[in-house]
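Q: Can you keep this structure in mind? I'll have questions shortly.
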Amino acid sequence: MLNKKNGDIEKLFEIENLNNYHLNLEKKFGANDYHPLPVVLKKGEGVFLWDVNEKKYYDFLSAYSAVNQGHCHPKLVNLIKNQAETLTLTSRAFHNNKLGEYMAYATKLFGFDQLLPMNTGAEGVETSIKLSRKWGYLKKKIEHNKAKIVVCNNNFHGRTTTVISFSTDSGSKDFFGPHTPGFIHIPHNDIDALENEFNNDKNIVSFLVEPIQGEAGVNVPDSDYLKKVRELCTKFNVLMIADEIQTGLGRTGSLLASCGNCSCKSYCEQQKSYVRPDILILAKALSGGTYPISAVLCDSAIMEVIQPGQHGSTFGGNPFAASIAKKALEIIIEENLAQNARKLGEIFRYSMSEYIKTSKIITKIRGKGLLNAIVINDSPDSETAWNICLRLKDNGLLAKPTHGNIIRFAPPLVITKDQLIDCINIIILTIKEFEPK
Numbered sequence: 041m042l043n044k045k046n047g048d049i050e051k052l053f054e055i056e057n058l059n060n061y062h063l064n065l066e067k068k069f070g071a072n073d074y075h076p077l078p079v080v081l082k083k084g085e086g087v088f089l090w091d092v093n094e095k096k097y098y099d100f101l102s103a104y105s106a107v108n109q110g111h112c113h114p115k116l117v118n119l120i121k122n123q124a125e126t127l128t129l130t131s132r133a134f135h136n137n138k139l140g141e142y143m144a145y146a147t148k149l150f151g152f153d154q155l156l157p158m159n160t161g162a163e164g165v166e167t168s169i170k171l172s173r174k175w176g177y178l179k180k181k182i183e184h185n186k187a188k189i190v191v192c193n194n195n196f197h198g199r200t201t202t203v204i205s206f207s208t209d210s211g212s213k214d215f216f217g218p219h220t221p222g223f224i225h226i227p228h229n230d231i232d233a234l235e236n237e238f239n240n241d242k243n244i245v246s247f248l249v250e251p252i253q254g255e256a257g258v259n260v261p262d263s264d265y266l267k268k269v270r271e272l273c274t275k276f277n278v279l280m281i282a283d284e285i286q287t288g289l290g291r292t293g294s295l296l297a298s299c300g301n302c303s304c305k306s307y308c309e310q311q312k313s314y315v316r317p318d319i320l321i322l323a324k325a326l327s328g329g330t331y332p333i334s335a336v337l338c339d340s341a342i343m344e345v346i347q348p349g350q351h352g353s354t355f356g357g358n359p360f361a362a363s364i365a366k367k368a369l370e371i372i373i374e375e376n377l378a379q380n381a382r383k384l385g386e387i388f389r390y391s392m393s394e395y396i397k398t399s400k401i402i403t404k405i406r407g408k409g410l411l412n413a414i415v416i417n418d419s420p421d422s423e424t425a426w427n428i429c430l431r432l433k434d435n436g437l438l439a440k441p442t443h444g445n446i447i448r449f450a451p452p453l454v455i456t457k458d459q460l461i462d463c464i465n466i467i468i469l470t471i472k473e474f475e476p477k
């Protein structure tokens, strides 16, 4: 901590309290690339967070679904302590004794041949783009440098240069050009638009899709949408890429959002309602919120197009990450977190639906499992959702808007029924403060 007795420091930051002290440090020395709620957190456990002034909150964001297993899960904490004292990084110049075991466990769990380890979700998306393009040239025999990828409007797949090139959010892409070519946009949940593009362009190698659009406001497609996507991709020899960075690993009430209502007791390929993508992207909760870990899974007929030296990462697949990821997956299965998300998600949506019947400010509740959002009766550029989140903070619950009129609710999957009901009461009482008199 800086020495508060130093007059220059005290004058520079004009510290009024401990919270403002930290806020001013970030404002002075940090890039202005985020707009967080004005709360400074210092501790987490399970579904709870504490700020620097010891106030306790329910976490209803879960770090954008990265903390599905709850904050500081003891099994992860113990493993991290032990592995940090043993070996953390070797690079991929050498083998390590954790990576193979993690790969074997994850590929069996999800029903794929192979796994390529990376660090961030955006890296996973970039990896899938490279894989599908090279597959298109080597396997589908598309003319070199002509490959195209279909994406959806209002997508969010990260903020790297290539990924923002196919974003439809002006704030994410304006003044960052020139943008990477080779992407075709269609509306989300529009199967006819997808078929039309497949019919009209033989250079399409893949369709990159979020099973549920999270950042766009938790847009849930028709129940048969992914099934029809799978059928079209098979028919036209196009790779289906499922970005399950936010929706996967139990969040939507199934191990993957593309699983449907599965039992989660065996790997995904055995589930009756599973819509199996050709390429699966995982991240966020793959580490239980403890470390940047991502993975791309597919069968060997696709993965084999990548040869040594053509793709990789110094930190990807390190023994620290591999051991964490394996344990994070085991926790989801052993503690039945997907089943808990499914059951409690139904309670949450039912309770909010009942309130909406008489509400003048909330128009809709939508979601799946414990990935949900409410739509507010206001314009997308309004500050209503932000103001509600500020009041929720005052009342002991942390959530964040996705747009001016949408608030996403995504608690850790370890939340109990009693805790959820407590949170529902907080949310409803807070919203009532904003109802027209």
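Throughout, this note's numbering is defined as the position within the sequence shown, counted from one, plus 40.
C-beta atoms are modelled at their ideal positions from N, C-alpha and C, and glycine is treated no differently.
Keep in mind the model is a prediction, meaning the values are calculated, not measured.
(1) Hey, is the stretch 144-157 in contact with the stretch 376-388, meaning 3+ C-beta pairs nearer than 8 Å?
(2) Quick one: grab the DSSP three-state call for I346.
(3) Along the chain, which unbroken stretches of the alpha helix (DSSP H) at least 4 residues long are found entirely within the stretch 219-260?
(4) Taking the alpha-carbon positions, what's the I281 to T147 distance?
(5) Is the separation between the beta-carbon of D91 and that of V79 shorter than 8 Å?
(6) Just reading off the beta strand (DSSP E) that G407 is part of, what are its end residues?
(7) In angstroms, rounded to a whole number, what distance separates the CA positions of L437 and R199?
(8) State buried or exposed for Q347, treating a residue as buried only when at least 16 other CB atoms are found within 10 Å of its CB.
(9) Tell me the DSSP bridge mates of S334?
(10) Taking the alpha-carbon positions, what's the E309 to R316 distance?
(11) By Cβ distance, which residues of its chain are closer than 8 Å to D99, with the 5 residues on each side in sequence left out?
(12) Restricting to Cα atoms, I'd like to know which of K138, V245, N229 is closest to I169.
(13) So for I55, helix, strand or coil by DSSP?
(14) With distance defined between alpha-carbon atoms, name the residue in E473, R448, Q459 nearest to I252.
(15) Measure the C-alpha to C-alpha separation of A133 and N445 and round it to an integer number of angstroms.
(16) Please list the terminal residues of the continuous beta strand (DSSP E) segment that includes K83.
(17) What distance in whole Å lies between the Cβ atoms of E475 and S399, which are believed to be in contact at a cut-off of 8 Å?
(18) Look up P420 in the DSSP assignment and say whether it is helix, strand or coil.
(19) Does the distance from the C-beta atom of V336 to that of I319 stay below 8 Å?
(20) So F355 packs on A124, CB below 8 Å; how close in whole Å?
(21) Quick check: the Cα distance between A71 and K397, rounded to an integer number of angstroms?
(22) Does the Cβ-Cβ distance between L460 and I387 come in under 8 Å?
(23) Using the beta-carbon count (16 or more within 10 Å), is T330 buried or exposed?
(24) Here's the rule: buried if 16 or more other CB atoms are within 10 angstroms of the residue's CB, otherwise exposed. What is Y97?
(25) Quick one: grab the DSSP three-state call for V269.
(26) Specify, as a first and last residue, the run of the beta strand (DSSP E) that I281 falls within.
(27) Report yes if the CB atom of L384 is closer than 8 Å to the CB atom of I455, and no otherwise.
(28) Cβ of G164 within 8 Å of Cβ of I342?
A: For this structure:
(1) At 8 Å Cβ cutoff, the stretches do not touch.
(2) In the sequence shown, the residue the question calls residue 346 occupies position 306. Reduced to three states, the DSSP call for I346 is coil.
(3) The stretch 219-260 contains, as complete alpha helix (DSSP H) runs of 4+ residues, the segments 231-240 (chain order).
(4) Here the question's residue 281 lines up with position 241 in the sequence shown. Here the question's residue 147 lines up with position 107 in the sequence shown. If I take the Cα positions, the gap works out to 16 Å.
(5) Residue numbering aside, residue 91 sits at position 51 when the sequence shown is read from its first letter. Residue numbering aside, residue 79 sits at position 39 when the sequence shown is read from its first letter. Taking 8 Å as the cut-off, the Cβ atoms of D91 and V79 count as close.
(6) Position 367 of the sequence shown holds residue 407. Here the beta strand (DSSP E) through G407 covers 402-408.
(7) As a working note, residue 437 is residue 397 in the sequence shown. As a working note, residue 199 is residue 159 in the sequence shown. L437 and R199: Cα-Cα distance of roughly 28 Å.
(8) If you number the sequence shown from 1, residue 347 lands on position 307. Exposed, because fewer than 16 other Cβ atoms sit within 10 Å of the Cβ of Q347.
(9) Here residue 334 corresponds to residue number 294 of the sequence shown, with the count starting at 1. S334 is bridged to M158.
(10) To locate residue 309, count along the sequence shown from 1; it is residue 269. To locate residue 316, count along the sequence shown from 1; it is residue 276. Because E309 carries a pLDDT of 47, less than 50, the predicted location of this residue cannot be relied on, and no value is offered for it.
(11) On the sequence shown, residue 99 is found 59 positions in, with the first residue counted as 1. Counting only Cβ-Cβ distances below 8 Å, and skipping sequence neighbours, we find G84, V87, F88, L89, V107, H111, L438, P451, P452.
(12) Working through the sequence shown from its first residue, we reach residue 169 at position 129. Cα-wise, what sits closest to I169 is V245.
(13) Taking the first residue of the sequence shown as position 1, residue 55 is located at position 15. The pLDDT assigned to I55 is 38, lower than 50, so where the model puts this residue is not dependable, and the model offers no usable value.
(14) Counting from one through the sequence shown, the residue named residue 252 turns up at place 212. Of the listed residues, the one whose Cα sits closest to I252 is R448.
(15) Sequence index remark: in the sequence shown, residue 133 carries index 93 (1-based). Sequence index remark: in the sequence shown, residue 445 carries index 405 (1-based). So the two alpha carbons sit approximately 49 Å from each other.
(16) Mapped onto the sequence shown, residue 83 falls at position 43. From DSSP, the beta strand (DSSP E) with K83 extends over 81-85.
(17) Position 359 of the sequence shown, counted from the first residue, corresponds to residue 399. Position 435 of the sequence shown, counted from the first residue, corresponds to residue 475. In this structure S399 is in contact with E475, their Cβ atoms being roughly 7 Å apart against a cut-off of 8 Å.
(18) On the sequence shown, position 380 is the one that residue 420 refers to. Coil, per DSSP.
(19) Indexing the sequence shown from 1 puts residue 336 at position 296. Indexing the sequence shown from 1 puts residue 319 at position 279. Cβ distance < 8 Å, so V336 and I319 count as in contact.
(20) Position 315 of the sequence shown, counted from the first residue, corresponds to residue 355. Position 84 of the sequence shown, counted from the first residue, corresponds to residue 124. About 14 Å separates the CB atoms of F355 and A124; that is not less than 8 Å, and the two are not in contact.
(21) For the purposes of this step, residue 71 is taken as the residue at position 31 of the sequence shown. For the purposes of this step, residue 397 is taken as the residue at position 357 of the sequence shown. Straight through space, the alpha carbons of K397 and A71 are spaced by roughly 43 Å.
(22) Position 420 of the sequence shown, counted from the first residue, corresponds to residue 460. Position 347 of the sequence shown, counted from the first residue, corresponds to residue 387. The answer is yes: Cβ separation under 8 Å.
(23) Working through the sequence shown from its first residue, we reach residue 330 at position 290. Classification for T330: buried.
(24) Along the sequence shown, read from residue 1 onward, the residue named residue 97 stands at position 57. Y97 comes out buried.
(25) As a working note, residue 269 is residue 229 in the sequence shown. Here V269 sits in helix by DSSP.
(26) Looking up residue 281 in the sequence shown gives position 241. That run of the beta strand (DSSP E) goes 279-283.
(27) As a first step, residue 384 is located in the sequence shown; it is residue number 344 there, counting from the start. As a first step, residue 455 is located in the sequence shown; it is residue number 415 there, counting from the start. Taking C-beta atoms as the reference points, L384 and I455 count as a pair closer than 8 Å.
(28) The count along the sequence shown starts at 1 and reaches residue 164 at position 124. The count along the sequence shown starts at 1 and reaches residue 342 at position 302. Taking 8 Å as the Cβ cut-off, G164 and I342 do not qualify as a contacting pair.
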